[in-house]
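According to UniProt numbering, the residues represented by the sequence shown are 1 to 256, in order. Let me begin by presenting the structure, written as C-alpha cells, before commenting on it.
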Amino acid sequence: MPGQIEPQSVQVIDRTFAVMELVARRGVMSLKDIYSGLELSKATALRIANALVSNGYFERDEKGSYSLSFKSYEIGICAVRRVEYIPFIRETLDHLSGALDVIAQFSVREQDELLCLESFDLAHSNFSVYTRVGQRSQLYATSAGKAILSVSPDEDIRSFWNRMDIRSFTPKTITNLDDFLMDIHKTRQRGYALDQEETEAGLFCVGTPLVNARHKAIGAISLSFSRLDEAALQRVTSALLNQTQRLAYMLSYSIK
Numbered sequence: 001m002p003g004q005i006e007p008q009s010v011q012v013i014d015r016t017f018a019v020m021e022l023v024a025r026r027g028v029m030s031l032k033d034i035y036s037g038l039e040l041s042k043a044t045a046l047r048i049a050n051a052l053v054s055n056g057y058f059e060r061d062e063k064g065s066y067s068l069s070f071k072s073y074e075i076g077i078c079a080v081r082r083v084e085y086i087p088f089i090r091e092t093l094d095h096l097s098g099a100l101d102v103i104a105q106f107s108v109r110e111q112d113e114l115l116c117l118e119s120f121d122l123a124h125s126n127f128s129v130y131t132r133v134g135q136r137s138q139l140y141a142t143s144a145g146k147a148i149l150s151v152s153p154d155e156d157i158r159s160f161w162n163r164m165d166i167r168s169f170t171p172k173t174i175t176n177l178d179d180f181l182m183d184i185h186k187t188r189q190r191g192y193a194l195d196q197e198e199t200e201a202g203l204f205c206v207g208t209p210l211v212n213a214r215h216k217a218i219g220a221i222s223l224s225f226s227r228l229d230e231a232a233l234q235r236v237t238s239a240l241l242n243q244t245q246r247l248a249y250m251l252s253y254s255i256k
C-alpha cells in the first residue's frame with residue numbers, strides 16, 4: 001500500500017544503522033569485523049558498507065577498512081547544536097550558589113548593556129542588584145560585563161566607551177578609559193573580572209566569560225558576595241574557573 005514501508009526495507013535500515021553505530025564505537029573496522037560483530041552475512045555487510053561509502057557516510061582506506069566520514073560527523077554536530085544550553089548553565093549556577101553561599105548569575109550583552117538571564121541566590125542575600133532576572137546593568141561597572149568585554153579587542157572597547165554615558169555608581173566605579181583598559185588587561189591575564197564595590201557598597205563580584213568555539217563571548221557567569229579577602233577570593237575564583245571551563249567544554253559544539 002502507498003505510504004507503507006516493506007518489512008524488508010525496514011530490516012535494511014535497521015542493519016545500516018547498526019553498522020554505523022558499531023563503526024562509530026570502534027573507530028576503524030575491517031569488513032570481517034563488521035559482519036562478525038553483527039552476525040551478518042559477508043555479502044550483506046559489504047553491500048551496506050559500500051552504500052555508506054557511496055553516500056559519503058563512510059570512508060574506506062587502502063586496506064579496505066571502514067571509518068566514519070566527516071559527513072557523519074556533521075550530522076552529529078547538527079544534533080548537538082539543537083541542545084538548549086540554558087539548562088546546563090542553570091545546573092552550574094545552582095551548584096556554585098549552593099556550594100559557595102553566593103549569588104550566581106548568567107548574563108549576556110544586549111547591545112551596550114548587561115542583561116541577567118538566570119540568577120540563583122540559595123543563601124537569600126540582601127543585595128539590591130544582581131538578584132532579578134531581566135534586570136539590566138552597565139557593562140563597565142560589573143564583573144560579568146567586564147568579563148564579556150575582555151574577549152573583545154581594545155579598539156572595540158574604546159568604541160564602546162566613547163558612545164557610553166560613563167558615570168559613577170560608587171566612589172570605586174572606574175570612569176577613566178586608561179584605568180578601565182588596565183583593569184581589562186588584568187582580567188585577561190587572570191581569567192576573571194572583579195567588581196570591588198563598583199556598583200554597590202559592600203558588594204563584591206567575580207565574573208568570567210563563557211565563550212564559543214570561535215572565541216566569541218556568549219555571556220558571563222558571575223558570583224556576588226559580601227566580603228573579599230585573599231582566602232575568599234581564591235576559593236570563589238577557583239570554583240568559578242573550574243565550573244566555567246567544564247561548562248565551556250560541555251557546550252563547545254552546541255554554541256557556535
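Every residue gets a Cβ at the ideal spot worked out from N, C-alpha and C, and that includes glycine.
{"Item": "For R190, the nearest candidate out of K146, F204 and T175 (CA to CA)", "Value": "K146"}
{"Item": "Opening and closing residue of the beta strand (DSSP E) in which R163 lies", "Value": "Counting along the chain, R163 falls outside any beta strand (DSSP E), though it belongs to the alpha helix (DSSP H) covering D154 to R163."}
{"Item": "Runs of beta strand (DSSP E) lying entirely within the segment 71–118, each at least 3 residues, in chain order", "Value": "103–110"}
{"Item": "Three-way DSSP call (helix, strand, coil) for E39 in this model", "Value": "coil"}
{"Item": "Euclidean distance between Cα positions of F180 and H95", "Value": "31 Å"}
{"Item": "Supposed contact pair L117 and T142 - C-beta distance, whole angstroms, cut 8 Å", "Value": "So it is not a contact: roughly 14 Å between Cβ atoms."}
{"Item": "Continuous alpha helix (DSSP H) stretch holding V236: start and end", "Value": "E230 to M250"}
{"Item": "Short Cβ contact (8 Å threshold) for Y192 with L247", "Value": "no"}
{"Item": "Residue span of the alpha helix (DSSP H) that contains D179, given as start and end", "Value": "L177 to R190"}
{"Item": "I221, DSSP secondary structure in three states", "Value": "strand"}
{"Item": "Own chain residues within Cβ distance below 8 Å of F88, not counting five before or after", "Value": "L247, M250 and L251"}
{"Item": "DSSP-derived helix/strand/coil call for V133", "Value": "coil"}
{"Item": "Counted within 10 angstroms of its Cβ, other Cβ atoms place residue 259 as buried (16 or more) or exposed", "Value": "Residue 259 falls outside the range modelled here, since the chain spans only 1 to 256, and no answer is possible."}
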